[in-house]
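Have a look at the structure below, then the notes.
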Amino acid sequence: MRKIPLFYRILLIVIGVLVFFICVSLIYLWDWLKDYQEGLPVGRMDELVKEIKAGDFNDFVSRYDFYITDFEDKENVINYLEENFKDVKKLTYKKMYSRTGERFSIYADEKAVLTVNLKKQKKGYTVSHLLLNTEIGIDIKVPKGFTVYLNDIEVSKKWVDHEIGEEDAGFENLFCMQDKDKVFEHYSILGLLRESHVRVCDYDGREVPLVLGDELRVSYKKVTFLVPEDNAVYINDKKVDSSFITDTVESDVEGVTLNKYAVDGILNDFEYCVRDEKDRDMLLEEENDTVCLKKIKYLIDAPQGFDVYVNGKKLDRKYLKETGVEVDELKYIPEKYVEKPTYDRYEVAVLGIVPEVVVKNNDGFEVTTKTDNEKAVAGFQVPENVAQEYYPIVEERAFMHAKFVANDLKMAQLSKVLKTDTQVYVVYKDLETQQWMYTDHIGYEFENVKMGNLQMYNENFISCDISFDHIIIKTEKEVFTFPSNFTFYLAYLDNEWYIMDVIINSSASA
Numbered sequence: 010m011r012k013i014p015l016f017y018r019i020l021l022i023v024i025g026v027l028v029f030f031i032c033v034s035l036i037y038l039w040d041w042l043k044d045y046q047e048g049l050p051v052g053r054m055d056e057l058v059k060e061i062k063a064g065d066f067n068d069f070v071s072r073y074d075f076y077i078t079d080f081e082d083k084e085n086v087i088n089y090l091e092e093n094f095k096d097v098k099k100l101t102y103k104k105m106y107s108r109t110g111e112r113f114s115i116y117a118d119e120k121a122v123l124t125v126n127l128k129k130q131k132k133g134y135t136v137s138h139l140l141l142n143t144e145i146g147i148d149i150k151v152p153k154g155f156t157v158y159l160n161d162i163e164v165s166k167k168w169v170d171h172e173i174g175e176e177d178a179g180f181e182n183l184f185c186m187q188d189k190d191k192v193f194e195h196y197s198i199l200g201l202l203r204e205s206h207v208r209v210c211d212y213d214g215r216e217v218p219l220v221l222g223d224e225l226r227v228s229y230k231k232v233t234f235l236v237p238e239d240n241a242v243y244i245n246d247k248k249v250d251s252s253f254i255t256d257t258v259e260s261d262v263e264g265v266t267l268n269k270y271a272v273d274g275i276l277n278d279f280e281y282c283v284r285d286e287k288d289r290d291m292l293l294e295e296e297n298d299t300v301c302l303k304k305i306k307y308l309i310d311a312p313q314g315f316d317v318y319v320n321g322k323k324l325d326r327k328y329l330k331e332t333g334v335e336v337d338e339l340k341y342i343p344e345k346y347v348e349k350p351t352y353d354r355y356e357v358a359v360l361g362i363v364p365e366v367v368v369k370n371n372d373g374f375e376v377t378t379k380t381d382n383e384k385a386v387a388g389f390q391v392p393e394n395v396a397q398e399y400y401p402i403v404e405e406r407a408f409m410h411a412k413f414v415a416n417d418l419k420m421a422q423l424s425k426v427l428k429t430d431t432q433v434y435v436v437y438k439d440l441e442t443q444q445w446m447y448t449d450h451i452g453y454e455f456e457n458v459k460m461g462n463l464q465m466y467n468e469n470f471i472s473c474d475i476s477f478d479h480i481i482i483k484t485e486k487e488v489f490t491f492p493s494n495f496t497f498y499l500a501y502l503d504n505e506w507y508i509m510d511v512i513i514n515s516s517a518s519a
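Following this note's numbering, the numbering of the sequence shown begins with 10 at its first residue and continues without gaps.
As structure tokens, this is what we get:
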């Protein structure tokens, strides 16, 4: 066998050594390239994608720092990742522009799910933090001082995007802010992982209703008031200021101008009222969220020729609706013996409350006026100094009546002040036969006599109220007291004051 020359043996050794060093160099180069590749941002992203594909999101969330709002927790993040990476066909990532470091967006098919921020280290890159790419957010505008809650967590002021004042576009004049700062706070809460429950509480901590329109907002109630210029509107006992007056309109009631209050920003259930300059509550009507004063057609019966004043204003004849109206309390008085007066009937329209009615006779004396919710009826009273001239006559006739019913005066004596063809005469004749108050007694007295409300229908026809205690003395030890209260109607005929009618008033027992 031929020996290999020394040269070739040396050459083979050299080639072997060279191949060995080349293989070792390639192995080192491969390891170096691998480490280099892994140290690049895309290398770190490849690792992250593999972890996501593994689907262990509990471990994934626990190992990385997620930037989330105060209103989310770890469980919400896991649910978000599971929902968005479920059944994904293609998982990719794209580099994003960033001035502060390396940033990538991870896509599930075509949807951007995660934003990854990488941080440079001595050897490669590590994950700084992750952001969840969610489009769920909440914008709400509330008066400054209101409190916003998201998922029962109070939203801090850091979420206030900007404030809106009176000088800014979008400012609303709301009643709930009437005595508060005229400023709204616009909350813009982004990065939510789910639809969230929002609550808003007012200045006093009471929850207010919300409505979702173009944006989420507090649901306010709006009411329009039409009230006279001297009236004030109150909501929940708080006076509504003049800033809510938007217009003035003429009422169909003559001489009345109405202020139009457009009151927005009323919260929760509320009560309202309207008061006049004397702080009296007005009667109101509501229709289609518009409140106005109830229109009252009011009748006034006043003696013919007397002056009538309504709310301080003297009525002229244009308000006269009817003349010759019968005086109801005189309907049983026979016209044969007296000339009965009549009323002028006026009709006025007023707003919200029964008017103040004053009636004066021809001498300027104010007579008594009885009023209810629909009508006022004036009397025929005279000044006290005139009335006193007639009190003795009334007292005498009243005592005659009392003595008659107690059988201390005979019909023959009483008939001297009665006309036999009158209704009151028939009544007395019935009393004579019944003797309804009769009891054996040894004497009688009249005490505590009071008279008033003397009305003079004409010079020869009057009425007067009288009350007294009719005391019946049965024995020296037995005494009965009968409180009595009457109205007597007397007519002056043939030089004598005749009884035309007697009314037993409610407080009388005899």
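Glycine is no exception: its CB is placed at the ideal position from the N, C-alpha and C atoms.
Being a predicted model, the structure only gives us computed values, none of them experimental.
* Asked: Residue range of the beta strand (DSSP E) that GLN464 falls in?
  -> Counting from 1 along the sequence shown, the entry for residue 464 is found at position 455. Counting along the chain, the beta strand (DSSP E) containing GLN464 begins and ends at 452-467.
* LYS345, DSSP secondary structure in three states -> The sequence position of residue 345 within the sequence shown is 336, counting from 1. Here LYS345 sits in coil by DSSP.
* Asked: Who pairs with TYR501 in a beta bridge, going by DSSP?
  -> For the purposes of this step, residue 501 is taken as the residue at position 492 of the sequence shown. Bridge partners of TYR501: TRP506.
* Asked: Which first and last residues belong to the beta strand (DSSP E) in which ASN268 is found?
  -> Within the sequence shown, numbered from 1, the residue matching residue 268 stands at position 259. First-last of the beta strand (DSSP E) with ASN268: 266-275.
* Asked: Taking 8 Å as the CB-CB cut-off, is THR233 touching chain B?
  -> Among the chains of the structure shown, chain B does not appear; only one protein chain is present.
* Is VAL125 near LEU139, with beta carbons less than 8 Å apart? -> Here residue 125 corresponds to residue number 116 of the sequence shown, with the count starting at 1. Here residue 139 corresponds to residue number 130 of the sequence shown, with the count starting at 1. The answer is yes: Cβ separation under 8 Å.
* Which ranges would you report for the alpha helix (DSSP H) in the region 284-315 if only whole runs of at least 4 residues count? -> none
* **Other residues of its chain near LEU42: CB distance less than 6 Å, five sequence neighbours each side excluded** => For the purposes of this step, residue 42 is taken as the residue at position 33 of the sequence shown. Confidence at LEU42 is low in this model, with a pLDDT of 48, below 50, so its placement is unreliable and no value can be given for it.
* Per-residue DSSP class, three states only, for ARG354 -> Residue 354 sits at position 345 when you count from the first residue of the sequence shown. It is a strand residue.
* To do: Can you grab the Cα-Cα spacing for the pair TYR45 / LEU100, in whole Å?
  => As a position in the sequence shown, residue 45 is number 36, starting the count at 1. As a position in the sequence shown, residue 100 is number 91, starting the count at 1. Reliability of the predicted coordinates at TYR45 is poor, the pLDDT of 49 falling under 50, and the value obtained from them is presented with this limitation in mind. Going from the Cα of TYR45 to the Cα of LEU100 covers about 23 Å.
* To do: Counting only the same chain and skipping the five closest in sequence on each side, list residues whose C-beta sits under 6 Å from that of TRP168.
  => As a working mapping, residue 168 is identified with position 159 in the sequence shown. Hits under 6 Å: TYR196, ILE198.
* Which of the three DSSP states, helix, strand or coil, is assigned to LYS129? -> Along the sequence shown, read from residue 1 onward, the residue named residue 129 stands at position 120. Reduced to three states, the DSSP call for LYS129 is strand.
* **ARG354 to VAL376 span [Cα, whole Å]** => The sequence position of residue 354 within the sequence shown is 345, counting from 1. The sequence position of residue 376 within the sequence shown is 367, counting from 1. Looking at the two C-alpha atoms, the distance is approximately 16 Å.
* Specify whether the region 306-314 and the region 376-394 touch according to this definition: at least 3 beta carbon pairs, one from each stretch, less than 8 Å apart. => yes
* Asked: According to DSSP, which residues form a beta bridge with SER493?
  -> By 1-based counting over the sequence shown, the position of residue 493 is 484. For SER493, which the question treats as bridged, DSSP gives the partners PHE477.
* Cα-Cα, which of PHE234, GLY264, GLY321 is closest to GLU294? -> Stepping through the sequence shown from its first residue, residue 294 is reached at position 285. With distances taken between Cα atoms, GLU294 lies closest to PHE234.
* Asked: Residue range of the beta strand (DSSP E) that THR378 falls in?
  -> The residue given as residue 378 occupies position 369 in the sequence shown. Here the beta strand (DSSP E) through THR378 covers 378-380.
* Contact between the region 272-288 and the region 223-241: three or more CB pairs below 8 Å? -> yes
* Using the C-alpha atoms, what's the distance from VAL272 back to ASN297? -> As a position in the sequence shown, residue 297 is number 288, starting the count at 1. As a position in the sequence shown, residue 272 is number 263, starting the count at 1. Rounded to the nearest angstrom, the two C-alpha atoms are 14 Å apart.
* For TYR45, which three-state DSSP category applies? -> Position 36 of the sequence shown, counted from the first residue, corresponds to residue 45. Note that TYR45 scores 49 on pLDDT, short of 50, meaning its location in the model is unreliable; the coordinates nonetheless yield the value given after this. The answer is helix: DSSP assigns TYR45 an H, G or I state.
* Limits of the beta strand (DSSP E) - the one that THR101 falls within -> As a first step, residue 101 is located in the sequence shown; it is residue number 92 there, counting from the start. Segment 100-105, the beta strand (DSSP E) holding THR101.
* To do: Spell out a yes or no on whether the region 185-196 and the region 147-159 are touching, meaning 3 or more CB-CB pairs, one atom from each, closer than 8 Å.
  => yes
* Whole beta strand (DSSP E) runs in the region 154-184 with 3 or more residues, listed along the chain? -> 156-159, 169-174
* Asked: Taking just the CA atoms, how far does VAL23 sit from ILE31?
  -> Looking up residue 31 in the sequence shown gives position 22. Looking up residue 23 in the sequence shown gives position 14. Each residue's Cα considered, the two are about 12 Å apart.
* Go to ALA385, then tell me how far its beta strand (DSSP E) extends in each direction, as first and last residue. => The count along the sequence shown starts at 1 and reaches residue 385 at position 376. That run of the beta strand (DSSP E) goes 384-387.
* Asked: CB VAL249 to CB TYR229, shorter than 8 Å?
  -> Residue mapping note: residue 249 aligns to position 240 of the sequence shown, counting from 1. Residue mapping note: residue 229 aligns to position 220 of the sequence shown, counting from 1. Not closer than 8 Å, so no.
* Asked: Is DSSP giving LEU57 helix, strand or coil here?
  -> If you number the sequence shown from 1, residue 57 lands on position 48. Three-state DSSP puts LEU57 in a helix.
* Looking only at its own chain, which residues have a Cβ that is under 7 Å from the Cβ of SER251, when we skip the five neighbours before and after it? -> Within the sequence shown, the letter at position 242 stands for residue 251. The answer is none, since no qualifying residue turns up.
* Asked: What are the boundary residues of the beta strand (DSSP E) that includes SER114?
  -> Here residue 114 refers to the residue found at position 105 when the sequence shown is read from its first residue. 111-117 is the extent of the beta strand (DSSP E) around SER114.
* **Alpha-carbon spacing of ASP503 relative to LYS486, whole angstroms** => Position 494 of the sequence shown, counted from the first residue, corresponds to residue 503. Position 477 of the sequence shown, counted from the first residue, corresponds to residue 486. Each residue's Cα considered, the two are about 45 Å apart.
* **DSSP three-state assignment for VAL151, whether helix, strand or coil** => As a position in the sequence shown, residue 151 is number 142, starting the count at 1. Correct three-state label for VAL151: strand.
* Which one or two residues does DSSP pair with HIS410 in a beta bridge? -> The count along the sequence shown starts at 1 and reaches residue 410 at position 401. For HIS410, which the question treats as bridged, DSSP gives no partner whatsoever.
* **Buried versus exposed, by CB contacts within 10 Å (16 or more), GLY222** => Locating residue 222 in the sequence shown gives position 213, counting from the first residue. Per the 10 Å Cβ criterion, exposed.
* heavy atom of the ligand GDP below 7 Å from ILE61 C-beta -> Questions concerning the ligand GDP fall outside what the structure shown contains, since it holds no ligand whatsoever.
* Asked: Got a sec, what are the start and stop residues for the alpha helix (DSSP H) THR442 sits in?
  -> The residue you call residue 442 lines up with position 433 of the sequence shown. Counting along the chain, the alpha helix (DSSP H) containing THR442 begins and ends at 432-443.
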